[in-house]
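Numbering (our numbering), first residue to last: -6 to 182.
If you want it as structure tokens, here you go:
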């Protein structure tokens, strides 16, 4: 919205942000289209996937997918990415220009290196002083693709009644699953 802004957008006080002057539209999902050379199923390595943020998935529990968010294009692998969980997709209009956005909660690595036993990065939810998840609004163009997190149970037994829809709220730390598909393996090293 402010291309000549001299400070990072995360540092802009909320009172200095422009107010929308049109409708705010909410969407249940977004489609990520990206180049995945190892995936020969798409035309020339192009791949599409739907990322969802819905309060009820097929009349059942909610589904709020996780994503890789670009943060440093010069860093290689996971060091140039953040992991976030999308809580809402929406679009605002300001000065007759539309901005597709996502409301996300963040996960941060617990170490500067992947786990030596699994080769997977371990992340934990970013929380404020009251233990509530930190949320941000991001432009959807910063979303690279979906991410898959696996709860780190450690020596604890996972309760049988734990639903998949509750898993991202039930664990303190998570493995970033780079083995879910070829493209994740290529970017989350």
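Here a beta-carbon is modelled for each residue, glycine too, at the ideal position from N, C-alpha and C.
| query | result |
| --- | --- |
| Environment of residue 75 [buried if 16+ CB atoms lie within 10 Å] | buried |
| Where the beta strand (DSSP E) containing residue 180 begins and where it ends | From DSSP, residue 180 is part of no beta strand (DSSP E) but of the alpha helix (DSSP H) over 175 to 180. |
| Residue 135 (DSSP reduced to helix, strand or coil) | helix |
| Identity of the residues DSSP links to residue 46 by a beta bridge | 57 |
| Bridge partners - residue 126, DSSP secondary structure assignment | 120 |
| Start-to-end residues for the beta strand (DSSP E) that takes in residue 101 | 90 to 102 |
| Residue of 122, 90, 143 minimising C-alpha distance to residue 111 | 143 |
| Cβ-based neighbour list, residue 43, same chain, cut-off 6 Å, excluding 5 preceding and 5 following | 22, 24 |
| Residue from 136, 17, 99, 68 with nearest C-alpha to residue 121 | 99 |
| When 164, 107, 137, 149 are compared against residue 60, the one with the closest alpha-carbon | 137 |
| Exposed unless 16 or more other CB atoms sit within 10 angstroms - verdict on residue 50 | exposed |
| Strand pairing of residue 144, partner residues [DSSP] | 167 |
| Residue environment, residue 152, which counts as buried when at least 16 other CB atoms sit within 10 Å | exposed |
| DSSP state of residue 72 mapped onto helix, strand, coil | helix |
| Beta-carbon gap between residue 145 and residue 172 smaller than 8 Å | no |
| Reference residue 72; option with closest CA among 174, 62, 78 | 62 |
| Cα-Cα separation, residue 85 to residue 131 | 12 Å |
| C-beta atoms of residue 52 and residue 45 nearer than 8 Å | no |
| Short Cβ contact (8 Å threshold) for residue 78 with residue 161 | yes |
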